[in-house]
Structures are given as structure tokens and as C-alpha cells.
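S.K.:
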């Protein structure tokens, strides 16, 4: 894990009170959600595993984790929470809080799923180990108040507090986290691949990846090829053309597919598609017409 990339962006930070009985149906969120269960209890199911959550429990829900919640007992729920990205990028402001399951996502929504910084780390439960609850609450509620106030330079103020909070969470929950340069590089390259997988509908260049992930572009290119056996932009084009094929077979028109994949024009998309497949988009649709659902 490369800690240098962490620069949190908060999407939502709010106090929340819920009447019981309360049910949150099975869903996947695009980002992270950090919850302090102040009052009430619930059963939380994450990726098929059930956890009983009680007052003073701290819960971290991660991107692309299937979960659902059912209240327990008759005490109303108080659950202040924060939705956040681990770093800000040009797409952060387009992402919203999801209440849908993965099978209800559109192709463009699937690409909103944020990279999971904890993937591959030994964070086996959504219930965090927080021995100093008072310290956690001090930082947590300061962040909520700063976010709500929207005073001058508030993004810098909440980011400074949130980095303190993340430092404490990581220290208590991942004390043996591997941070040497070699393993950090491998983790970052895996991250970059996941980022491309989830954002192939957007325009990506070697320069933009290097800027976002804080790497020299030549070093990034070398490490990606050494890890996956393919140049990073060639991999991006491969993922992008597969997404285009999927959209074309879902009865999307060539024009709409070009739009959904952020091509500047239908002509640019057609040139790209023919270069990658040897067929024009229209020829590809015709050749696979039997596999396309009826409109």
C-alpha cells in the first residue's frame, strides 16, 4: 500500500437518525462508508457474512462490497456516517451514494466503483478495532462539523482531520501492513489496473495516470508491463474495446456507445474500434446479430 496517494475526498458527512424497524436492502456502494453506531443495534451482512453491530461499534463498508442491514430491537438507530474516496480525482464529484445492487447497475455506474485501497490487506471484518473511542469520536465529529459548516478552506480542514483519523484506523487495524517500496509498487500497479477496469469509459492517458498515482510515467509504464506483460495504455484500449463490444451487443447504437465511452465523435470511436478488432462497429453488430437481445 502506497500511503502517498491518500488525499481523502468526502462526499457525505452527516448525523443520521432512523426509526425502527429499519431495513437497508442488499446493495453495493461506489465508495467507502465509515459509520459510528451510536444507538440501537442491527445485523449487518457483508459478502454473505453476518455481524451483530451494537452501540459504539465502528463499521467500514468498502467499494464493491455487497451488504444489507436489518435493525434489531426497538431502540431507534443513530448512525452518523461519512462517505468518502481515498483520493480526489476528476470523477469524484460525479459519484453518488448508491442504493442499488450490482445487477441493477448500468455499465456507466459499474465504472463509478472506486478502487479499494484495502484490497489484498488483512482487513477481514467490517467492524473496526478502535480501543480509544473518545479519540475516534473527537476526530470523527470534528470532521462532520467542518463538513457541515462549509467555511473557507473547509476541504483542507476536513482533509487534515480525516488523515489523522485514517492514520489511527490503519495503526490499530493493519499494524503489520507491508509498506516497503517493492510491495508498495506491486500494490499500486494492481490499483492502477483496477482503476482502469472501473474507469474505461473515461479518457485515460499515461500522463493522467502518472499524475494521479504520483509516478514518473516511464517508471509506471515499465512496472505495469513487468507485472501484467502488456503496456498500460494497450491494456486500457483492450478493456475499452471489450466494454464497447458489450454495449453494442446490448442494442446500444454506435452513436450512444461512442458517447458512453467518452469518445469525442462517432468517427473517432469507429476508427478506434476498427483498429482494435478489424471490423467497423456496424459490421461487428451485424456479425453478432444473433447474440443481441431484441429491443
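Residue numbers (the UniProt record's numbering): 1 to 295. The beta carbon of each residue, even a glycine, is placed where N, CA and C say it ideally should be. Because the structure is a prediction, the values reported are computed rather than measured.
Around the C-beta of residue 200, are 16 or more other C-beta atoms found within 10 angstroms, so that it is buried, or is it exposed?
M.R.: That one is buried.
S.K.: Could you tell me the distance, in whole angstroms, from the CA atom of residue 259 to the CA atom of residue 9?
M.R.: Cα to Cα, the separation comes out at about 27 Å.
S.K.: Near residue 44, what residues of its chain come up, given a Cβ to Cβ distance below 6 Å and the 5 sequence neighbours on each side ignored?
M.R.: So the list reads 51, 53 and 69, once near-sequence residues are dropped.
S.K.: Tell me whether residue 112 sits in a helix, a strand or coil according to DSSP, three-state version.
M.R.: Looking at residue 112 - three-state DSSP - the assignment turns out to be coil, as it is neither helix nor strand.
S.K.: To the nearest angstrom, report how far apart residue 179 and residue 59 are at their CA atoms.
M.R.: Low local confidence applies: a pLDDT of 49 at residue 179 is under 50, so the model's placement there is unreliable, and no value is given.
S.K.: Quick check: what's the CA-CA separation for residue 244 versus residue 257?
M.R.: Cα to Cα, the separation comes out at about 7 Å.
S.K.: Ordered along the chain, which non-local residues of its own chain (more than five positions away) have a Cβ less than 7 Å from that of residue 276?
M.R.: For residue 276, where only same-chain residues beyond five positions count, the Cβ hits under 7 Å are 237 and 241.
S.K.: What span of residues does the alpha helix (DSSP H) with residue 5 cover, start to end?
M.R.: Residue 5 -> no alpha helix (DSSP H), and no H or E assigned at all.
S.K.: Could you tell me whether the Cβ atoms of residue 115 and residue 191 are closer together than 7 Å?
M.R.: Yes, the Cβ-Cβ distance between residue 115 and residue 191 is below 7 Å.
S.K.: Along the alpha helix (DSSP H) that carries residue 92, what are the first and last residues, could you check?
M.R.: First-last for residue 92: undefined, no H or E at that position.
S.K.: Let me know the secondary structure DSSP gives residue 24 once reduced to three states.
M.R.: Residue 24 falls in the strand class under three-state DSSP.
S.K.: Whose C-alpha, out of 124, 123, 216 and 165, is nearest the C-alpha of residue 142?
M.R.: Ranking 124, 123, 216 and 165 by Cα distance to residue 142 puts 165 first.
S.K.: Do you know how far the Cα of residue 140 is from the Cα of residue 40?
M.R.: Whole-angstrom Cα-Cα distance: 19 Å.
S.K.: For residue 45, which beta-bridge partners are listed by DSSP?
M.R.: Its beta-bridge partners are 50 and 68.
S.K.: Which whole-angstrom value describes the C-beta separation of residue 77 and residue 20, a residue pair presumed to lie in contact below a C-beta threshold of 8 Å?
M.R.: 6 Å between Cβ atoms; contact.
S.K.: So within the UniProt domain "HTH araC/xylS-type" (190-287), which uninterrupted alpha helix (DSSP H) runs reach at least 4 residues, ignoring any that extend past its ends?
M.R.: Listed in chain order, the complete alpha helix (DSSP H) runs (minimum 4 residues) inside the UniProt domain "HTH araC/xylS-type" (190-287) are 206-213, 217-228, 232-249, 254-260, 266-277 and 281-287.
S.K.: So, are the CB atoms of residue 128 and residue 173 less than 7 Å apart?
M.R.: Cβ distance < 7 Å, so residue 128 and residue 173 count as in contact.
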